[in-house]
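Data first, discussion second: the structure below is written as structure tokens.
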Amino acid sequence: MPHRLKLLLACAFLCCSLYTGAQDSPNVSDANPQPLRIWLPAPLISDESSDAFQLLSEHTAEFIANNEIGVQFRIKDVGKIGGIMATIRAGKEVAPGALPDVTLIRRRDLTPTQASEYLQSLETLFSSSVLNDLAGGIDFGQIPLEDERTLFGLPYLFDMLIAVHAQPLVKTGAGLSFNDVLANEANFLFPAARVSGLNQTFYLQYLAAGGSIPSDGLMAINEGALQKVLQFYEDLLRNGLISPDVLTYQSPASYLNDFINRDDRLQLAIFSVSDYLTMIQQQEAALLATEIPTVDANASSILNGWLWILVTPDRNRQALAARFIEWMMEPAFHADFARALYHLPSQPAILSDSLPPDTDVNFFAQLLASSVLPLPEGEAGPAPRLMQEALKHVLHGDATASQATQDALSQLAER
11 MPHRLKLLLA CAFLCCSLYT GAQDSPNVSD ANPQPLRIWL PAPLISDESS DAFQLLSEHT
71 AEFIANNEIG VQFRIKDVGK IGGIMATIRA GKEVAPGALP DVTLIRRRDL TPTQASEYLQ
131 SLETLFSSSV LNDLAGGIDF GQIPLEDERT LFGLPYLFDM LIAVHAQPLV KTGAGLSFND
191 VLANEANFLF PAARVSGLNQ TFYLQYLAAG GSIPSDGLMA INEGALQKVL QFYEDLLRNG
251 LISPDVLTYQ SPASYLNDFI NRDDRLQLAI FSVSDYLTMI QQQEAALLAT EIPTVDANAS
311 SILNGWLWIL VTPDRNRQAL AARFIEWMME PAFHADFARA LYHLPSQPAI LSDSLPPDTD
371 VNFFAQLLAS SVLPLPEGEA GPAPRLMQEA LKHVLHGDAT ASQATQDALS QLAER
């Protein structure tokens with residue numbers, strides 16, 4: 011295909027996606043012909059009639075009045091053609107003027123490649139008070155580039171993996187161990203499906219058993235850690251507490267209805283915090299949150315969430331965008347907005363204000379403090395895929411934990 015035709019098609023695609031992907035909000039100041047362009051992810055705010063968007067509009071109106079600049083919101087999808095990052099990548103060369111000044115993206119989309127090629131560094135743009143309010147959470151937005159960590163995303167909303175149950179669950183210690191799950195005869199549900207790589211629940215349990223995060227883009231296999239976790243799943247299978255069907259579950263949505271409606275047995279299911287907060291507030295379900303089970307009950311979690319990132323290379327507009335982000339960090343609004351979106355705020359000081367009454371604030375605070383970042387998809391070599399295959403063999407009853415561990419080690423050694 012000729013280069014000129016490729017360019018025309020890219021332009022057409024970008025313009026189409028910008029036209030169909032979202033609607034402009036009414037918060038545009040006619041006095042400023044170039045309002046601040048802000049894209050909002052549809053998984054967080056699906057339409058302008060939502061309570062969260064109305065809350066955002068009211069807060070933004072005050073920002074507009076104080077700064078004499080218009081603000082234009084667009085709601086965009088994520089993770090597909092026409093989504094936020096896909097449009098940013100397509101538009102950098104062919105239509106940079108149509109891209110946002112600032113947007114919220116998922117943490118999984120903040121990779122070294124994406125950051126260095128399409129995003130702008132946030133170093134020096136924010137006051138020390140804003141950065142201090144994030145405490146240790148600032149690491150969530152840093153990317154390793156050229157042997158140093160650089161701030162490319164300002165953490166805004168957190169989400170974590172937790173275990174949820176409706177019936178009483180007896181624990182022998184402060185956290186939840188593999189033995190506790192087996193002793194309670196709890197049916198275990200989790201989203202184990204992965205086309206490539208390793209599911210995040212297993213990854214967390216592997217780290218808790220002594221495994222290591224990837225180093226220099228590669229992940230090794232710790233024999234002892236892998237076998238301990240696989241043994242848990244072998245024991246679950248032997249006791250009829252897990253089904254191989256978990257290997258088909260892409261997300262907790264796959265088993266949400268069964269979990270909510272079945273009360274004839276104790277079930278322990280993996281959900282995100284946002285799932286849990288949605289269930290207890292929208293469905294008024296009597297559910298309890300606990301830690302993901304690990305071999306030694308060393309409570310931890312996988313930390314996900316959303317960050318503010320800058321797209322515009324224009325210094326003046328970067329300063330305006332940073333001012334808007336700081337406005338979004340105003341503590342009272344940030345807590346209310348996080349609660350409306352069923353997420354946790356990135357500022358530890360307002361965590362309790364963002365949660366429903368009677369929620370165990372310390373539980374979430376402690377998990378946030380001990381959480382780890384997700385395993386990057388496709389960026390850790392063959393080890394994650396081999397460990398996922400080992401889990402499949404155990405859950406299908408094709409191999410014991412010991413056999414599956416040795417098979418994974420042998421295959422890794424051959425590569």
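In this text, residue positions in the sequence shown follow our numbering: the first is 11, and each later residue adds one.
Where is the CB? At the ideal position from N, CA and C, for every residue including glycine.
Boundaries of the alpha helix (DSSP H) harbouring residue 126: 122-128, taken from the DSSP string.
Within the same chain, and ignoring the five residues on either side of residue 133 in sequence, the residues whose Cβ sits closer than 8 Å to its Cβ are 160, 161. Under the three-state reduction of DSSP, residue 65 is assigned to helix. Distances from the CA of residue 296 to each of 303, 78, 216, 271 were compared; the closest alpha carbon is that of 271. Closest option to residue 169, judged by alpha-carbon separation, among 234, 145, 352, 203: 352. A direct Cα-to-Cα measurement between residue 347 and residue 84 gives close to 18 Å. For the options 275, 276, 234, 298, the alpha carbon positioned closest to that of residue 282 is the one of 298.
Cβ contact annotation for residue 184 (same chain, cutoff 8 Å, sequence separation greater than five): 307, 309, in chain order. Taking C-beta atoms as the reference points, residue 117 and residue 63 fail to come closer than 8 Å.
Proximity to residue 268 across 199, 123, 254 peaks at 199, based on C-alpha coordinates. Inclusion of residue 276 and residue 196 in the CB contact set at 8 Å is warranted, their separation being smaller than that value.
When secondary structure is reduced to three states using DSSP, residue 291 falls in the helix class. Just measuring C-alpha positions, the residue of 417, 119, 323, 173 sitting nearest residue 285 is 173. Burial state of residue 190 is buried, judged by a 10 Å Cβ sphere holding 16 or more other Cβ atoms. Residue 373: member of the alpha helix (DSSP H) spanning 371-380, first to last residue.
Just measuring C-alpha positions, the residue of 312, 415, 420, 402 sitting nearest residue 376 is 312. C-alpha of residue 175 to C-alpha of residue 374: approximately 16 Å in a straight line. Looking at the DSSP output, residue 95 sits in no beta bridge, so it has no partner there.
With fewer than 16 other CB atoms across the displayed protein chains lying within 10 angstroms of its CB, residue 323 is exposed.
Contact annotation, residue 45 with residue 80: C-beta distance approximately 3 Å; criterion of less than 8 Å satisfied.
In this structure, residue 371 lies away from residue 380, with their beta-carbon atoms at least 8 Å apart. Listed in chain order, the non-local C-beta contacts of residue 233 below 8 Å within the same chain comprise 415, 419, local neighbours out to five positions each way being set aside. Between residue 318 and residue 109, the beta carbon gap of about 15 Å keeps them out of contact (Cβ cut-off 8 Å). As the crow flies, the alpha-carbon of residue 98 is around 11 Å from that of residue 107. When the Cα atoms are used, residue 164 and residue 58 turn out to be separated by approximately 24 Å. Under a 10 Å Cβ-count criterion, residue 180 is classified as exposed, with fewer than 16 other Cβ atoms of the shown protein chains found around its own Cβ. Per the Cβ contact rule, the stretch 249-268 is not in contact with the stretch 323-340 (fewer than 3 Cβ pairs under 8 Å). Just so you know, the alpha carbons of residue 47 and residue 95 end up roughly 15 Å apart.
In the DSSP annotation of this structure, residue 113 is not part of any alpha helix (DSSP H); the continuous beta strand (DSSP E) holding it starts and ends at 112-116.
With 16 or more other CB atoms across the displayed protein chains lying within 10 angstroms of its CB, residue 315 is buried. Going by beta carbons, residue 339 and residue 140 fall inside the 8 Å limit. With a cutoff of 8 Å on beta-carbon distance, residue 302 and residue 171 are scored as near each other.
Under DSSP, residue 158 takes part in a beta bridge, and its partners are 155.
Along the stretch 207-231, the alpha helix (DSSP H) occurs as fully enclosed runs of 4 or more residues at 210-218, listed in sequence order. With distances taken between CA atoms, residue 304 lies nearest to 236 out of 236, 293, 356.
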